[in-house]
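Residue numbers (this note's numbering): 38 to 431.
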């Protein structure tokens, strides 16, 4: 039985959509306010239906070059960075105003490549965005073009959006494009090109269908969208490519508008846990008490209170073994503290961490989303964040 587009969209709780410069900014008149307001309407619709929403938005350089009077065509690196610095202020204000009309708070997040590739920075970025979502804000995410150079940049916001989707275990990534989906060939060049509604897996044949990238306002194109699809679907995130040229483009998906759906390989959490479980080596061991073991098996996070001993040398974000009182490894996880800090706070309640370390660290030693239990030991996906006899009421 075919699932309706509305039900298909409704099945995804955490949704990120990517907006390109060409959709948001007109090279002559500047910001497309009516279009952005329609996006704000779509965000309000999704949130009213119980979805969490993140937006990866280009547009700072495109806005800034107009504000600074920079000529059309390719910009020098320092000109691009200057344009981004000027344009980011206007872009943030535009989202603040558009979403504010629905009583929704916008929050700006600027990322560089290292923020999703280096473990420590990755955990910090993810924790910040997760907190914003819990507080009801909509993160507006862009690459930090004021400092990024060609050696340390994503290169386009399609790939940035895919990285964000996997980092935040999003269920759905929507790429708003200047085309309504994937065709067997670029339709502007081949009148016989056929639309593809479903992509089960991104094969070399699918990759060969992509054309080249576009306009001076956008680095992206179908090639980068397929690359984004490979990142997203491998991480358990379903991806959709659809036209962003119309007003209310996300609502149009729910109403059956043309779009290409790329199937994910598993769920975001499952894919993440498979990666953790599949690491060939670990950097250290956390020895748990019986209460912590029971809590982990019921799907909760590991707090310092449930740890009896720490062994090995590791850095925050490394994979560590979780060992029960009998010395058996029951799982693995990404640790939230360096080994010397973990040693200092093992056995402590969360409220005691700041006094011991001198700063307010994470409540969890290993968050349940960063935990993979051995087969047959439990699921690790359950509700709550309690371990070791301590109740965390956040």
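The beta carbon of each residue, even a glycine, is placed where N, CA and C say it ideally should be.
Per-residue DSSP class, three states only, for residue i
{"i": "residue 89", "result": "strand"}
{"i": "residue 307", "result": "helix"}
{"i": "residue 103", "result": "helix"}
{"i": "residue 356", "result": "strand"}
{"i": "residue 44", "result": "helix"}
{"i": "residue 391", "result": "helix"}
{"i": "residue 55", "result": "strand"}
{"i": "residue 405", "result": "helix"}
{"i": "residue 75", "result": "helix"}
{"i": "residue 234", "result": "coil"}
{"i": "residue 296", "result": "strand"}
{"i": "residue 117", "result": "helix"}
{"i": "residue 50", "result": "coil"}
{"i": "residue 67", "result": "strand"}
{"i": "residue 256", "result": "For residue 256, the pLDDT reaches just 42, beneath the cut-off of 50, and the residue's location in the model is therefore unreliable, although a value from the coordinates is still provided. Correct three-state label for residue 256: coil."}
{"i": "residue 60", "result": "helix"}
{"i": "residue 276", "result": "strand"}
{"i": "residue 83", "result": "helix"}
{"i": "residue 410", "result": "strand"}
Close beta carbons around residue i, own chain, < 8 angstroms, minus the five adjacent residues each side
{"i": "residue 87", "result": "50"}
{"i": "residue 188", "result": "Because the pLDDT at residue 188 is just 42, under 50, the model does not fix this residue reliably, and the point stays unresolved."}
{"i": "residue 165", "result": "146"}
{"i": "residue 45", "result": "298"}
{"i": "residue 162", "result": "146, 148, 152, 153, 204"}
Contact set for residue i: own chain, Cβ-Cβ below 6 angstroms, skip 5 residues either direction
{"i": "residue 310", "result": "409"}
{"i": "residue 142", "result": "174"}
{"i": "residue 96", "result": "58, 61, 62, 128"}
{"i": "residue 145", "result": "129, 177"}
{"i": "residue 209", "result": "49, 52, 275"}
{"i": "residue 380", "result": "347"}
{"i": "residue 67", "result": "103"}
{"i": "residue 390", "result": "382, 398"}
{"i": "residue 43", "result": "291"}
{"i": "residue 247", "result": "259, 260, 263"}
{"i": "residue 277", "result": "211, 296, 298"}
Residues near residue i by beta carbon distance below 7 angstroms, same chain, minus five either side
{"i": "residue 401", "result": "338, 339, 340, 373, 422"}
{"i": "residue 169", "result": "144, 176"}
{"i": "residue 131", "result": "68, 73"}
{"i": "residue 182", "result": "97, 98, 117, 118, 121"}
{"i": "residue 322", "result": "348, 349, 357, 358, 360"}
For residue j and residue i, believed in contact at Cβ under 8 angstroms, the rounded distance
{"i": "residue 78", "j": "residue 206", "result": "Contact flag wrong, Cβ pair sits at about 26 angstroms."}
{"i": "residue 384", "j": "residue 344", "result": "6 angstroms"}
{"i": "residue 99", "j": "residue 124", "result": "7 angstroms"}
{"i": "residue 239", "j": "residue 266", "result": "5 angstroms"}
{"i": "residue 359", "j": "residue 325", "result": "6 angstroms"}
{"i": "residue 84", "j": "residue 93", "result": "That pair is no contact at about 17 angstroms."}
{"i": "residue 199", "j": "residue 268", "result": "4 angstroms"}
(request) List in chain order: all unbroken alpha helix (DSSP H) runs of 4+ residues lying wholly within the region 152-224. (result) Restricted to the region 152-224, the alpha helix (DSSP H) segments that are unbroken, complete and at least 4 residues in length are 156-171, 194-204, listed in chain order.
(message) Please give me, in chain order, every unbroken run of the alpha helix (DSSP H) with length at least 4 that falls completely inside the region 130-155.
(response) 151-154
(request) Report yes or no: do three or more beta-carbon pairs, one from the region 348-362 and one from the region 294-301, lie closer than 8 angstroms? (result) No, because fewer than three Cβ pairs between the region 348-362 and the region 294-301 fall closer than 8 angstroms, the two stretches do not touch.
(request) Give a yes or no on contact between the region 329-343 and the region 280-287, applying the rule of three or more CB pairs nearer than 8 angstroms. (result) no
(message) For the pair the region 146-156 and the region 352-362, tell me if three or more CB-CB distances fall below 8 angstroms.
(response) Segments in contact, yes.
(request) Please go through the region 319-387 and give each complete beta strand (DSSP E) segment of 3 or more residues, from N-terminal end onward. (result) 321-325, 344-349, 356-360, 366-371
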